[in-house]
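In order, the protein sequences belong to chains P and V.
Just so it is clear: in the first sequence, position 31 is 31 by this note's numbering, and no numbers are missing.
Just so it is clear: in the second sequence, position 92 is 92 by this note's numbering, and no numbers are missing.
First comes the structure, then the notes that go with it.
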Amino acid sequence: MEVTFRESWGIIHGMVFGALFLLSFSGGLLALYGLRPDWMTTRGLGEAATKLKVWVWSMAIIAWGTVLTGTYIVYPWYRAKPPEGTTNLAAYPRSFLLANPGAAGWHSFGMEWKEHIAWLAPVAATIVAYVVSKYGTELAEQPQIRKAITWFLVITFVTAAVAGLLGALITKAAPVL
Amino acid sequence: MATNQDTKMKNGPAAAALLAGGIGALAYGIFIILSEGVESIGHALNWYNPSGNLSGKSTMMVIVWLASWAFLNNKWKDTDVDFEKIATIALSLLVIGVLLTVPPVFDFFINLF
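Here you go:
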């Protein structure tokens, strides 16, 4: 059993950050949903708002960590061009996929979508984190703002989920070794 | 006597943050179409060769997002705005930005050139 240096970065990018992102999203969504004045005391609202800030800032930081490691560490290995005359393309995932007509779609659709959609997650997550920090317990009194950032939070999750799922499937077809 | 309306925080900063996100997402979609469809723009956005033009288009999106956020926040920081209308626009722009990341969708626009 062996994990290469490149694979370990793939694990950090996909599995470690992915798992932490899911955890922080779940915590953030539940905390945001529960931030209602008719459900809590004033003290309870304050504690819930503090927890919500921790969840959403964690989510934003993790999302930035994921796209930055993906774009500047893992993706360059994925798209590296093989030297002239290379016949074994296993170490060059992009070229490997494109050389196989049955697998080319994993690059032309899968990776093309993944690399682009992923960048919207940290942007939307940062906006949610900012608004939660700015308004705190007042989100309970401003349902319009709470509703809008809930939608942004859900879109953050959808964009990250698409990128994460495609990443897992592409890695299965052509791992970065 | 202060009323709840007086003490309530202004909704302008939240509206500015959300709309800036929508503007950034739409700009990103446009950068994707231009970088994939126009070779010279694709080259111009190749700021870090190992990552290709993803480096330039994602960084440009972040610049547009933060610049529009700074502008809108400066304009709305002490005011109440029509939040429902702005949030709907922001959410629509964000969804358009998400759709423009789908290869068949951005390819459709590239083929219009």
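From the three backbone atoms N, C-alpha and C, an ideal C-beta is built for every residue, glycine too.
Residues in the same chain with beta-carbon distance under 6 Å from residue i, minus the five sequence neighbours each way, listed in chain order, please.
i: T156 (chain P); result: A121, A124, A125
i: V131 (chain P); result: I149
i: F25 (chain P); result: M59, F157
i: M1 (chain V); result: Unreliable positioning characterises M1 (chain V) in this predicted model, as indicated by a pLDDT of 45, which lies under 50. The coordinate reading is nonetheless provided below. Result list for M1 (chain V): empty, nothing under 6 Å.
Is it buried or exposed for residue i, if we count other Cβ within 10 angstroms and need 16 for buried?
i: L54 (chain V); result: buried
i: F96 (chain P); result: buried
i: L68 (chain P); result: exposed
i: A49 (chain P); result: buried
i: A70 (chain V); result: exposed
i: N11 (chain V); result: buried
i: V3 (chain P); result: exposed
i: H43 (chain V); result: exposed
Mind reading off the beta-carbon distance from residue i to residue j? Whole number of angstroms is fine, and I expect it under 8 Å.
i: G29 (chain V); j: T88 (chain V); result: Contact doesn't hold; Cβ gap of about 18 Å is too wide.
i: I62 (chain P); j: F21 (chain P); result: 5 Å
i: A25 (chain V); j: F83 (chain V); result: Going by Cβ atoms, the distance from A25 (chain V) to F83 (chain V) rounds to 19 Å, so no, they are not a contact pair.
i: F106 (chain V); j: E36 (chain V); result: 6 Å
Do you know whose CA, among the options, lies nearest residue i's CA?
i: Y78 (chain P); options: P:P93, P:A168, P:V67; result: P:P93
i: I110 (chain V); options: V:I41, V:A67, V:K85, V:G24; result: V:I41
i: I86 (chain V); options: V:D78, V:F108, V:A17; result: V:A17
i: K172 (chain P); options: P:G65, P:G10, P:W57; result: P:G10
i: S68 (chain V); options: V:Y48, V:L112, V:I23; result: V:I23
i: L112 (chain V); options: V:V95, V:V38, V:G97; result: V:V38
i: E141 (chain P); options: P:L35, P:A104, P:N100, P:L30; result: P:L35
i: T72 (chain P); options: V:T59, V:L26, V:K77, V:A14; result: Here residue 72 (chain P) turns out to be Tyr, not Thr, going by the sequence shown. For the residues V:T59, V:L26, V:K77, V:A14, the minimum Cα distance to Y72 (chain P) belongs to V:T59.
i: A168 (chain P); options: P:P101, P:E115, P:N88; result: P:E115
i: V98 (chain V); options: P:L98, P:P101, P:W119, P:L165; result: P:W119
i: P103 (chain V); options: P:A104, P:F109, P:P101; result: P:F109
i: W106 (chain P); options: P:G65, P:K134, P:L166, P:G136; result: P:L166
Identify whether residue i lies in helix, strand or coil by the three-state DSSP scheme.
i: Y72 (chain P); result: helix
i: Y135 (chain P); result: helix
i: Y48 (chain V); result: strand
i: Q178 (chain P); result: Outside the modelled stretch of chain P, which goes from 1 to 177, sits residue 178 (chain P), for which no answer is possible.
i: M61 (chain V); result: helix
i: M1 (chain V); result: Bear in mind that the predicted position of M1 (chain V) carries a pLDDT of just 45, short of 50, making it too unreliable to give a figure here.
i: P103 (chain V); result: helix
i: N111 (chain V); result: coil
i: V3 (chain P); result: coil
i: N88 (chain P); result: coil
i: L153 (chain P); result: helix
i: N100 (chain P); result: coil
i: N53 (chain V); result: coil
In chain order, what residues of the same chain have a beta carbon less than 8 Å from the beta carbon of residue i, not counting five sequence neighbours either side?
i: N46 (chain V); result: G52, N53, S55, G56
i: V128 (chain P); result: G28, V56, M59, A60, I149, F152, L153, T156
By Cβ distance, which residues of its chain are closer than 7 Å to residue i, with the 5 residues on each side in sequence left out?
i: G27 (chain P); result: W55
i: I178 (chain P); result: The structure shown does not extend to residue 178 (chain P), since chain P is modelled only from 1 through 177, so no value can be given for it.
i: G18 (chain P); result: G164
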